[in-house]
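Peer 1:
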Amino acid sequence: MKIATYNVNSINARMPVLLRWLEETQPDVACLQELKAPQENFPEQALLDAGYNAIWHGQKSWNGVAILTRNRNITEVRRALPGDEEDTHSRYIEAVVDGVTIACLYLPNGNPAPGPKFDYKLAWLDRFKAHAAQLLATGKPVILTGDYNIIPTGADVYKPERWVDDALFRPESREAFQNLLAQGWTDAIRHLYPTETIYTFWDYFRNAYGRDAGLRIDHFLLSPDLVPQLEAAGVDKHVRGWEKSSDHGPVWIRLKD
DNA sequence: ATGGCGTATTTAATACGA
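Heads up: the first sequence runs through residues 1 to 257, numbered per the UniProt record's numbering.
1) What's the gap between the Cα of I150 and the Cα of P114?
2) Using only CA atoms, which one of T75, L226, D156 and E40 lies nearest to I217?
3) Measure the alpha-carbon distance for L144 versus R162 and round it to whole angstroms.
4) Nearest to P82 by CA position, among F128, P108, V251 and V17, is which residue?
5) Of the residues A213, V96, D247 and A80, which one's Cα is nearest the Cα of V17?
6) Expressed to the nearest angstrom, what Euclidean distance is found between the alpha-carbon atoms of L192 and G214?
7) Which residues does DSSP list as the beta-bridge partners of residue 260?
8) Specify the secondary structure class of L81 as computed by DSSP and reduced to three states.
9) DSSP three-state label for Q33, please.
10) Specify the secondary structure class of F169 as computed by DSSP and reduced to three states.
11) G58 and P38 - do their beta-carbons sit closer together than 8 Å?
12) Might you give, ordered along the chain, the residues of its own chain that have their beta carbon closer than 8 Å to the beta carbon of F220, omitting 5 neighbours on each side?
13) Can at least three beta-carbon pairs, one atom from the region 54-73 and one from the region 92-106, be found at a separation below 8 Å?
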């Protein structure tokens with residue numbers, strides 16, 4: 001099973017690129033973030049025509065997450081992160097796909113930090129850690145994937161000193177990510193590529209992609225039983241170079257069926 | 001250190017992203 005995550009930065013603006021990438025790489029599951037579309041303005045039929053079933057949770061203007069599947073059994077479990085009834089952001093959707101629980105998340109950016117947006121990010125992380133612990137305790141296979149908006153270490157950013165005050169790289173954010181790993185999750189990309197320079201995001205500004213001035217902020221966390229099944233992982237970096245690309249590139253893993 | 005780009009909405013100018 002090949003599972004991908006892709007922050008599309010507006011699904012409707014990204015459809016030509018998204019369809020081209022799906023056709024080219026044929027993931028069995030694709031988790032999407034930043035749909036930037038209300039629930040009723042999601043291109044369901046075009047995706048069905050491309051062979052993909054979709055569940056999604058949209059929102060006007062911002063956020064929005066979806067899980068696409070190709071020839072797989074999918075059952076939605078929830079479309080909100082537990083722990084705060086007042087939270088209106090569409091940032092989380094969870095489903096079981098052929099027996100594997102897949103969580104698709106779009107973690108808050110948190111800038112500027114400090115401030116209310118950073119507080120929201122840290123509160124969201126607390127809720128996410130609590131829910132992740134519950135999922136882990138089920139003992140079932142689980143994948144937590146999406147745009148974490150966290151640069152885990154200095155090896156995951158082209159110039160760490162420029163990012164020390166940024167919400168993506170502040171100690172609180174890095175610590176929260178390490179706390180997740182300490183629960184027992186495995187960072188799939190780092191597991192297979194412990195020392196390589198791997199980025200998943202390149203700013204639209206300053207020719208960041210051309211200079212390879214990137215960040216690694218889109219991640220796959222695997223429950224322990226899935227780690228021996230991890231066959232391969234990577235970033236479809238070339239997609240970032242296409243016309244009208246998102247500022248993120250798609251990231252994927254392949255598990256033994 | 002700043003601002004650069006891309007997308008959405010209240011279609012002009014602002015908010016937001018990372």
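Virtual Cβ for every residue (Gly too), placed ideally from N, Cα, C.
Peer 2: On the basis of the coordinates in this document:
1) The sequence position of residue 150 within the first sequence is 150, counting from 1. The sequence position of residue 114 within the first sequence is 114, counting from 1. If you take the alpha carbons of I150 and P114, they lie about 15 Å apart.
2) In the first sequence, residue 217 corresponds to position 217, counting from 1. Of the listed residues, the one whose Cα sits closest to I217 is D156.
3) Stepping through the first sequence from its first residue, residue 144 is reached at position 144. Stepping through the first sequence from its first residue, residue 162 is reached at position 162. Their backbone Cα atoms lie some 28 Å apart in a straight line.
4) Within the first sequence, the letter at position 82 stands for residue 82. For P82, the nearest C-alpha among the options comes from F128.
5) Translated into positions along the first sequence, residue 17 becomes position 17. Ranking A213, V96, D247 and A80 by Cα distance to V17 puts D247 first.
6) Position 192 of the first sequence, counted from the first residue, corresponds to residue 192. Position 214 of the first sequence, counted from the first residue, corresponds to residue 214. So the alpha carbons of these two residues sit roughly 19 Å apart.
7) Any question about residue 260 goes unanswered here, given that the chain covers just 1 to 257.
8) For the purposes of this step, residue 81 is identified with residue 81 of the first sequence, where counting begins at 1. Here L81 sits in coil by DSSP.
9) As a first step, residue 33 must be located in the first sequence, where it is residue number 33. Three-state DSSP puts Q33 in a strand.
10) On the first sequence, residue 169 is found 169 positions in, with the first residue counted as 1. Correct three-state label for F169: coil.
11) Locating residue 38 in the first sequence gives position 38, where the first residue counts as 1. Locating residue 58 in the first sequence gives position 58, where the first residue counts as 1. In contact: P38 and G58 (Cβ atoms closer than 8 Å).
12) The count along the first sequence starts at 1 and reaches residue 220 at position 220. Once the five neighbours on either side are set aside, the close Cβ partners of F220 are I3, T5, I143, L144, T145, D187, A188, I189, A233, V251 and I253.
13) yes
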